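Novice:
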Amino acid sequence: MAPFVPPSLEDYPIQGIDISHHQGVIDWKTLAARPNVRFAIMKATEGGDHKDTRFAENWQAAKEAGIVRGAYHFFTFCRPGREQAQNVLATVPKEQGTLPIAIDLEFVGNCDKVPTLEEMTAEVNAFVAELKGTFPEKPIFYVTQEFFDQYLKGNESRFPDHYLWLRSVFKEPEQERCGRWSIWQFADNGKVDGIEGPVDLNALCPAQKGFAARFAENATQ
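Letter by letter, the sequence shown follows residues 99 to 319 of this note's numbering.
#1: In terms of residue numbering, what span does the alpha helix (DSSP H) encompassing R180 cover?
#2: With burial defined as no fewer than 16 other Cβ atoms inside 10 Å of the residue's Cβ, what is the status of R278: buried or exposed?
#3: Measuring only the C-alpha atoms, how far is K149 from K141?
#4: For F102, collect the residues of the same chain with a Cβ closer than 7 angstroms to its Cβ; drop the 5 residues on either side in sequence, then sort them by chain order.
#5: Give the single residue among K307, A285, F137 whose Cα lies nearest to the Cα of T196.
#6: Spell out the partners DSSP gives H171 in its beta bridges.
#7: In chain order, which beta strand (DSSP E) runs of at least 3 residues are fully inside the stretch 212-254?
#8: Report yes or no: do the stretch 198-215 and the stretch 155-165 share at least 3 C-beta pairs separated by less than 8 angstroms?
#9: Please report how far the alpha carbon of F224 lies from the alpha carbon of M218, in whole angstroms.
#10: Please return the same chain residues whose Cβ sits closer than 7 angstroms to the Cβ of F313, not counting the five positions on each side in sequence.
#11: Any idea if D210 is buried or exposed, counting beta-carbon neighbours within 10 angstroms, 16 or more meaning buried?
#12: From I199 to A227, what does the alpha carbon distance come to, in whole angstroms?
#13: Bridge partners for A324 per DSSP, in chain order?
#14: In this structure, does DSSP put N287 in helix, strand or coil?
#15: Using a Cβ-Cβ cut-off of 6 angstroms (strictly less than) and excluding sequence neighbours within five positions of Y261, which residues of its own chain qualify?
#16: Can you check whether the CB of T143 is closer than 8 angstroms to the CB of H120?
#17: May I have the straight-line CA-CA distance separating V123 from E294, to the nearest angstrom?
#18: What residue range is occupied by the uninterrupted alpha helix (DSSP H) comprising A130?
#19: Looking only at its own chain, which residues have a Cβ that is under 8 angstroms from the Cβ of A253, when we skip the five neighbours before and after it?
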């Protein structure tokens, strides 16, 4: 099998990172000069009451550096969706030019509960419904292949309308070659100037027009 080759900037011109407090203090000015860091999706919240300790600082610093920003919430299977959405609403500022709210849906790092499809769809729908008043855009669902196969595959219509952010660190995702997905997380051990240690790397689907305005606005500032 041929070794995995990360996507090039020629094929995927808009690339970015996702981060949390694990990345520590970030040199955003240095990051902003990197051609492969056009956006940063940062952890804001987890569950019903946890807030990432570096979110507020990263949110402001990324804006000042001119990097397109997004916030993500780590969705726990052990708290009601509505409660978790209230945590997001209390933490993430509503600002122009940012990416839609992302919801991290995965088993790794989650609680021991494995919800039924009915439970999962009910809580995710409740979460998105609670956000709608403040964040009316359709959200981004970050999913591992395992979660996609167990819940989303064939059941998309039971979940809220969403953009798909797929984790696939060994090969390009197979969901119709970027016809069905918007963001591809292609590495979890990337290196970029401005961050000490490993960081997740992502690429925006070139066919994704929904986010294009953010990057156009950002380039003209």
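Cβ coordinates follow ideal geometry from the N, Cα and C atoms, glycine included. If you're wondering where the values come from, they're calculated on a predicted model, not measured in any experiment.
Specialist: Straight from the coordinates:
#1: Counting along the chain, the alpha helix (DSSP H) containing R180 begins and ends at 179-187.
#2: Exposed, since its Cβ has fewer than 16 Cβ neighbours within 10 Å.
#3: For K149 and K141, the distance between alpha carbons rounds to 8 angstroms.
#4: F268, K269.
#5: Ranking K307, A285, F137 by Cα distance to T196 puts F137 first.
#6: Residue pairing for H171: DSSP places it in a beta bridge opposite T143, I201.
#7: DSSP runs (the beta strand (DSSP E)) wholly in the stretch 212-254: 238-241.
#8: Touching, no.
#9: As written in the sequence, residue 224 is Ala, which differs from the Phe given in the question. Cα to Cα, the separation comes out at about 10 angstroms.
#10: Short of 7 angstroms from the beta carbon of F313, and not among the five residues preceding or following it, lie these beta carbons of its own chain, in chain order: I112, R136, V166.
#11: Answer is exposed; the Cβ neighbour count stays below 16.
#12: For I199 and A227, the distance between alpha carbons rounds to 13 angstroms.
#13: Nothing about residue 324 can be reported from this structure: the residues present for the chain run from 99 to 319 only.
#14: Of the three classes helix, strand and coil, the one that applies to N287 here is strand, per DSSP.
#15: Closer than 6 angstroms at Cβ, skipping near neighbours: I238, S280.
#16: When the beta-carbon positions are compared, H120 and T143 stay at least 8 angstroms from each other.
#17: About 8 angstroms.
#18: Per DSSP, A130 belongs to the alpha helix (DSSP H) from 126-130.
#19: Residue identity differs from the one stated: residue 253 is Asn in this sequence, not Ala. For N253, where only same-chain residues beyond five positions count, the Cβ hits under 8 angstroms are L215, T219.
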